[in-house]
Amino acid sequence: MKRSMVLGGVLLLGVFGSTSLMAADKVVSLRGDQDISEASQSAELKHWQDRDPIPRDYVQQPPLIPHTNEGYVINLKFNKCLTCHSWANYKQAKATKISQTHFSDREGNDLANVSARRYFCTQCHVPQAEAKPLVENTFAPLPAVSGR
Ligand code: HEC
Ligand code: HEC
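Residue numbers (the numbering used here): 1 to 148.
What follows is the structure, encoded as structure tokens:
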């Protein structure tokens with residue numbers, strides 16, 4: 001956890017380091033003046049658990065994960081998510097099957113297996129949490145495509 005946060009920080013620095021973010025002097029990190037090592041120790045994890053899925057806000061939204069995924073490995077050789085969500089396994093697991101979109105490559109070709117760009121599920125799907133928005137958001141989906 002700590003390592004990935006540090007890595008994320010390094011990547012962000014790489015991308016934004018010398019450019020616009022530095023210039024905007026009002027931008028403050030969410031952890032304020034707290035050192036990153038303190039922050040990662042004291043940060044309370046959001047409480048979430050298996051419960052009814054929070055409805056999607058719009059149809060193209062990657063649905064939130066309504067169950068725990070702690071320790072679910074996704075690497076080159078193994079993908080824990082697919083043991084329940086693949087088209088071969090979803091019925092037995094009583095899980096939602098991954099949709100057709102997950103089988104298209106970026107040129108729009110339909111593949112026989114999950115596309116590489118959809119393989120790392122947690123890039124897009126995150127566990128759901130009852131978290132207050134950090135900034136006000138008045139987004140409202142078009143009723144016809146609200147996904148509700
Ligand atoms: C042990 C089986 C199992 C594993 C492993 C698993 N899931 Fe699930 N998942 C389920 C089941 C069952 C549901 C349906 C739960 C419900 O609707 O309440 C579900 C629901 C979901 C949903 C919500 C779908 C929707 O339409 O709302 C998402 C997203 C999801 N899982 C993603 C993942 C990801 C990403 C992983 C890997 C990190 C994963 N799951 C691993 C069984 C599993
Ligand atoms: C690049 C982002 C991305 C990745 C990576 C990704 N998904 Fe999705 N997923 C989406 C989006 C967007 C939707 C909703 C629209 C759709 O069905 O394409 C979705 C929908 C779903 C659904 C609901 C399908 C339905 O019919 O309602 C499940 C289940 C799911 N994904 C599981 C997975 C699993 C398991 C993986 C990893 C193997 C994965 N996703 C990887 C973006 C992603």
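Note that CB positions come from ideal geometry on N, CA and C, so glycine has one too.
Quick caveat, the model's predicted, so the values are computed rather than measured.
Quiz item: Between Tyr72 and ligand 1, is the CB less than 7 Å from at least one heavy atom?
Solution: yes
Quiz item: Say the cut is 7 Å; is the CB of Arg117 nearer than that to a heavy atom of ligand 2?
Solution: yes
Quiz prompt | Same chain, Cβ closer than 6 Å to Val114, five either side skipped, listed in chain order | solution = His102
Quiz item: Secondary structure at Pro143, three-state DSSP: helix, strand or coil?
Solution: helix
Quiz item: Taking 7 Å as the line, does the beta carbon of His125 fall inside it for any heavy atom of ligand 1?
Solution: yes
Exercise. Return the CA-CA distance between Phe78 and Glu130, expressed in angstroms with no decimal places.
Key: 30 Å
Quiz item: Does the beta-carbon of Gln61 have 16 or more other beta-carbons within 10 angstroms, so that it is buried, or is it exposed?
Solution: exposed
Quiz item: Does ligand 3 have even one heavy atom less than 7 Å from the beta-carbon of Ala88?
Solution: Ligand 3 is not part of the structure shown, which contains ligand 1 and ligand 2 as its ligands.
Quiz prompt | For Cys124 and Asp110, the rounded distance between their alpha carbons | solution = 20 Å
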